[in-house]
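Trainee:
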Amino acid sequence: MGPAAGSGTAGAPAVPAVREGIVSRRALFERLAGAARVTQVSAPAGSGKTFLLRSWIGEAGLAERTAWVPVQGQERDPQRFWISVVGALRDTAAGSELVRELTAAPDLDGWAVVERLLKDLVSLQDRLWLVIDDLHDLCSAEALAQLELLVMRAPPTLRFVLATRRNLRLGLHRLRLEGELTEIRAADLRFTLEEARALFEAAGVVLPDSALALLHERTEGWAAGLRLAALSLAGHPDPERFADEFSGSERTVADYLLAEVLERQSEPVRRLLLRTSVLERVNGELADLLTGGSGGERVLQELEQANAFVVSLDARRSWFRYHHLFADLLQLELRRSAPGEVPGLHETAAGWFAEHGFPVEAVRHAQEAQDWGLAARLLAGHWFGLALDGRIVTAHELLTGFPASAVTADAELTALMAAGEMHRGSLEEAGRHLALATAGAAAVPADRRDRLQVMLAILRIWLAQQRGDLPAVAGEAERLLAFAEAPDTAQLGLGDDLRAAALISLGSAELWSLCIEKADRHLGQGIALARRAGRPYLEVTGLAYGAMLASFRSLALAVERSMQVVELARRHGWTEEPITGVAYAALGAARVWQGRLEEAGRWLGHAGRALRTEAHPAAGLLFHQARGALEFARGRDTDALAALRAAERLAGLLVTPHPLAMRTRAFVLHTLLRLGETARVDAALAGLGEQERETACMRTVLAALRLAQHDPQAASAALAPVLDDSASATSPRGWLVRAFLLEAIARDALGEAAAAGRALERALDLAEPDGLLLPFLLHPAPGLLERHARHRTAHAALISETLNLLAGTRRPASPPGEPGHLCEPLSDSETRILRYLPTNLTAPEIAGQLYLSVNTVRTHMRHVYAKLAAHRRAEAVERARALGLLAPNGHTAGHR
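My numbering applies: residue 1 is where the sequence shown begins, and numbers increase by one.
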């Protein structure tokens, strides 16, 4: 039956099977069953090639039709090989009748044997499988050429399965082009996590998920490694500890890898493997540097091609790594055979990585060499680049590799410790380390002092941002910008990227201080410089703040810029980064104001997972406020109050009063009103300072309070100053919409229908450009809207959409048998058209409402029907209601 784990080489350590037949490898069996005329199974030692083939033959019932030929170790005799092939074929049912017997003879010619076999098998009717195991051990070039002839000319009923540790030159490339070759490689043979679990359970070992995952990761699904672990674990008193410590230096694994891989290599190759084992990845140039030789890339490529536990990392096959367990073994052998060389190898590697622009690996190797001075210089010298590339966490992880004494003795490392404390939100400790680094700056060598000053300036900006000290952020950013413009700064190699960082920091401070024009200019300049400098993370940072800025002008623009950030972040793998959370928060807040509550909930959910509010307190304040508004609009007043209280707590941590803080208080008071706490709201308003009490936000709260107290005349009086000042750009548009809506409600209560209509139309005028629906959800007045829709209004669609939302804020689940979502979402334009469908407006009338051509409207309608799988307008409306795209009992706006 052959060995259970692939090799069968004489003298190699045996790898017993651990009742492996219980482990189903169904996918591989199916590939073998549907394989082409020739199958090559190529994978490293211990990958389970032999066992896979024997299991498949047994399960498929092919034993009587399979000729199994195991190649003996280092087989160099073609005659002996061909005698074994003929003998195996004759042991099958069909071969016993067709293949003539062959005996050894001095003049036996392999070419003649192949020709004779081709004649014998020409009449083969039923399929016959010839499996050649360990074909890599066939060391006769002549025998391989003869086998190639047999493979190419054999009848289609003779199927070949070739198991080998490395790819062989048998002309298989031609078969690949003709579609007659099936290839099963190491990646295919790796055990999945569930297969590994089954293997351990078959050995009587039940592991916790964490321990199993760790073993699977360490072995990389290598069959022999998993089996050896299972054997060692049987009866082990502490399986979790064993899994944690399992490595290539474990005795049974080390013995196997030594015999099967390392000892099979020549002395120069062993030297290369051992000396480069200190690296997580290696290329030819590095290998030559560490060995003092040449041809390293060729050797690495040959090892990878031979499946010698060397893995290519790029398409050009220039970078490689070693299998985890093999690397463990190599490092063990290096420490055993040449322990004094290890620090020097790390130091040489550190220099190469630093010179070639790989600072993280450079620092790690300098730390492994325990050259703390070199490691400190490398980390401090590259920290700014790491920070601008969004790798501040990596920089902090590198910092933890230094002993405490090295950190306290070095002002640059002390400054980096301040950055780490900021990342953890320990602002007091960050300030202490920053002060110590500033005090120790004079002791830093002159050639590194300017770079330290840049680092300290950036850290002061970050600390001021986290404290919400906006004037300090602006001041430090302006100083950094002046430093960036200085002629000497160019010598540091910090041109455009330093100016970009300064401008974006300045723009962010101006944004939160509501200096909108300045913020827009500085953010735009910073984004352009970041793009020119090739700093996409810095560009994302500027764009994220730009999305926040856009929300003060246009929600549509805020959505567009936020999606630009999301797309750029997705492209670079930064979807969970805090700065992307800023864009999520801006996008979620915009969608809340537009009344797109489900979408808003999704984006705010992303923001909650990504945003670190201690690092971006202003964005965190917006996030909590938007979350509160969302819950308020959904009618979940208690949840809304909890979210808004979180925003208030965050605002209380800021050094400088934040403009959003006052709006948060206004939202809190509105929520308390909804909860019936009129006395508390009255007292809170009375306790405000005069300046805040006169703002549009607080006058709107006062009007809502008076309406709750059934005094519409007082409500209208409270709103008068806001409405009189509505033409100015100082009042936020959303709050102005609320003010005019409350004025309409108050005038309606006073019986002043014309005044109510004018106020409501003005609210709709302000709301229409951005689709501001939130005010109408926070202060619902469906009756007033329905009456207004029956009169001449320029906003029939907006009223219809609002009434739909008011009728179905909580959308029902899809009916049984209906899909819960569209296979292709509606565009924004199609969504607007959809909202007109429940009305009685004709296509030309809808076109007039939206200032579109009739053809454009009809095209959008056709697209809506197609996406909803509907044929008629009524059917489309019904389908949209079932999917929650329209409320279940929509109100029609009627004709204008």
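Just so it is clear, CB atoms sit at the ideal spot from N, CA and C, and this is done for glycine as well.
1. Taking PRO578 as the reference, give the member of GLN466, ALA530, LEU841 with the closest Cα.
2. Here's a check: name, in chain order, each residue in its chain whose Cβ is nearer than 8 angstroms to the Cβ of ARG871, leaving out the five neighbours to either side.
3. Report the rounded CA-to-CA distance for GLU631 versus THR400, giving the unit in angstroms.
4. Could you tell me which uninterrupted beta strand (DSSP E) segments, each at least 3 residues in length, are contained entirely in the stretch 124-175, listed from first to last along the chain?
5. Return the CA-CA distance between ALA796 and LEU702, expressed in angstroms with no decimal places.
6. Sort out for me which residues DSSP pairs ALA67 with in a bridge.
7. Fully enclosed by the stretch 679-719, which alpha helix (DSSP H) runs are 4 residues long or longer?
8. Run through DSSP, which three-state label would THR182 get?
9. Does the pairing of the stretch 508-528 with the stretch 558-570 give three or more beta-carbon distances under 8 angstroms?
10. Tell me whether PRO815 is buried or exposed, calling it buried when 16 or more other Cβ atoms sit within 10 Å of its Cβ.
11. For my contact list, ALA739 and ARG747 are in at a C-beta cut-off of 8 angstroms; report their separation, rounded to the angstrom.
12. Alpha carbons only, please: which of LEU138, THR638, ALA661 is nearest the one belonging to LEU672?
13. Under a three-way DSSP split, which group does VAL360 fall into?
14. What is the DSSP secondary structure of ARG535, reduced to helix, strand or coil?
15. Under a Cβ-count criterion, where at least 16 other Cβ atoms within 10 Å of its own Cβ denotes burial, should LEU841 be classed as buried or exposed?
16. Please look up how many angstroms separate the CB atoms of ALA936 and VAL23, rounded, as I've assumed it's under 8 angstroms.
17. By Cβ distance, which residues of its chain are closer than 6 angstroms to ALA607, with the 5 residues on each side in sequence left out?
18. Quick check on the burial criterion: 16 or more other C-beta atoms within 10 angstroms. Buried or exposed for GLY443?
19. Which whole-angstrom value describes the C-beta separation of LEU463 and LEU427, a residue pair presumed to lie in contact below a C-beta threshold of 8 angstroms?
20. Is the stretch 275-287 touching the stretch 317-333 in the sense that three or more CB pairs, one from each, lie closer than 8 angstroms?
21. Between TRP603, LEU806, ARG881, which lies nearest to LEU834 when the distance is taken from Cα to Cα?
22. Can you tell me which residues form a DSSP beta bridge with ARG336?
23. Identify, in the order they occur along the chain, each residue of the same chain with its Cβ nearer than 6 angstroms to the Cβ of GLU510, setting aside the five sequence neighbours on each side.
24. Can you find the residues in the same chain that come closer than 8 angstroms, C-beta to C-beta, to ARG460, ignoring five residues on each side of it along the sequence?
25. Can you list, in chain order, the residues of its chain whose CB lies under 7 angstroms from that of ARG185, leaving out five sequence neighbours each side?
26. Have a look at TRP593, SER551, SER853, HIS863 and flag the residue whose alpha-carbon is nearest the alpha-carbon of LEU777.
27. Sort out for me which residues DSSP pairs PHE320 with in a bridge.
28. Using three-state DSSP, classify SER513 as helix, strand or coil.
29. Could you check whether the stretch 270-278 touches the stretch 242-255, counting it as contact only if at least three pairs of C-beta atoms, one from each stretch, sit closer than 8 angstroms?
30. So, at 8 angstroms on beta carbons, what are the nonlocal neighbours of THR9 in its own chain, with the 5 sequence-adjacent residues on each side left out?
31. Could you check if THR414 is buried or exposed, using at least 16 other CB atoms within 10 Å of its CB as the buried criterion?
32. List the whole-angstrom C-beta distance separating ALA411 from GLY440, where the pair is believed to meet the contact cut-off of C-beta under 8 angstroms.
33. Note down, in chain order, each residue of its chain lying with its Cβ closer than 6 angstroms to the Cβ of ALA537, except the 5 sequence neighbours on either side.
34. Grab me the residues of ARG627's own chain with a C-beta within less than 6 angstroms of its C-beta, minus the 5 sequence neighbours each way, in chain order.
35. For GLU304, which of helix, strand or coil comes out of DSSP?
36. Tell me which residues share the same chain as ALA406 and place their Cβ nearer than 6 angstroms to its Cβ, disregarding the 5 neighbours each side in the sequence.
Mentor: Short version:
1. Answer by Cα proximity: GLN466.
2. The residue you asked about is not Arg; residue 871 is His in the sequence shown. The residues TYR865, in chain order, have a CB closer than 8 angstroms to that of HIS871 in the same chain once the five nearest residues on each side in sequence are set aside.
3. Going by the C-alpha atoms only, they are around 42 angstroms apart.
4. Correct list: 128-133, 158-164.
5. Spanning the two alpha carbons is a distance of roughly 30 angstroms.
6. In the DSSP secondary-structure assignment, ALA67 is bridged to LEU130.
7. The stretch 679-719 contains these whole alpha helix (DSSP H) runs: 690-693, 696-708.
8. Three-state result, THR182: strand.
9. Not touching, per the Cβ criterion.
10. Only weak support is given to the placement of PRO815: the predicted model assigns it a pLDDT of 37, under 50, and the question is left unresolved by the model.
11. Taking a contact as a CB-CB distance under 8 angstroms, the pair ALA739 and ARG747 does not count as one, their CB atoms being some 13 angstroms apart.
12. Selection LEU138, THR638, ALA661 evaluated against LEU672 yields THR638 as nearest (Cα-Cα).
13. Reduced to three states, the DSSP call for VAL360 is helix.
14. ARG535 carries a coil assignment under DSSP once its states are collapsed to helix, strand and coil.
15. Classified as buried, LEU841 has 16 or more neighbouring CB atoms from the shown chains inside 10 Å of its CB.
16. Residue 936 is absent from the model: the chain starts at 1 and stops at 896.
17. Excluding sequence neighbours, ALA607 sits near GLY581, TYR584, ALA585, GLY588, PHE623.
18. What sits at residue 443 in the sequence shown is Ala, not Gly. Burial is judged here by how many other beta carbons sit within 10 angstroms of a residue's own beta carbon; ALA443 has fewer than 16 and is exposed.
19. Taking the Cβ atoms as the reference, LEU463 lies roughly 7 angstroms from LEU427, within the contact range of under 8 angstroms.
20. Segments in contact, yes.
21. Of the candidates TRP603, LEU806, ARG881, ARG881 places its Cα closest to the Cα of LEU834.
22. As far as DSSP is concerned, ARG336 takes part in no beta bridge.
23. Hits under 6 angstroms: LYS518, ALA519.
24. Around ARG460: LEU434, ALA472, GLU476.
25. Result list for ARG185: SER42, ALA43, in chain order.
26. Nearest C-alpha to LEU777: TRP593.
27. According to DSSP, which records beta bridges pairwise, PHE320 is partnered with VAL282, SER312.
28. Secondary structure at SER513: coil, using DSSP grouped into helix, strand and coil.
29. Remark: fewer than three beta-carbon pairs, one from each stretch, lie closer than 8 angstroms, so the stretch 270-278 and the stretch 242-255 are not flagged as touching.
30. In this predicted model, THR9 has a pLDDT of only 38, less than 50, meaning its place in the structure is not dependable; the value taken from the coordinates is given anyway. The answer, listed in chain order, is GLY73, ASP134, ASP137, GLU260.
31. Per the 10 Å Cβ criterion, buried.
32. Contact flag correct, Cβ pair sits at about 3 angstroms.
33. Inspection of the sequence shows that residue 537 is occupied by Tyr rather than by Ala. For TYR537, where only same-chain residues beyond five positions count, the Cβ hits under 6 angstroms are ASP389, GLY390.
34. Excluding residues up to 5 positions away in sequence, LEU604, ALA643 lie with their Cβ nearer than 6 angstroms to the Cβ of ARG627 in the same chain.
35. GLU304: helix per DSSP, three-state reduction.
36. Correct list, in chain order: TRP372.
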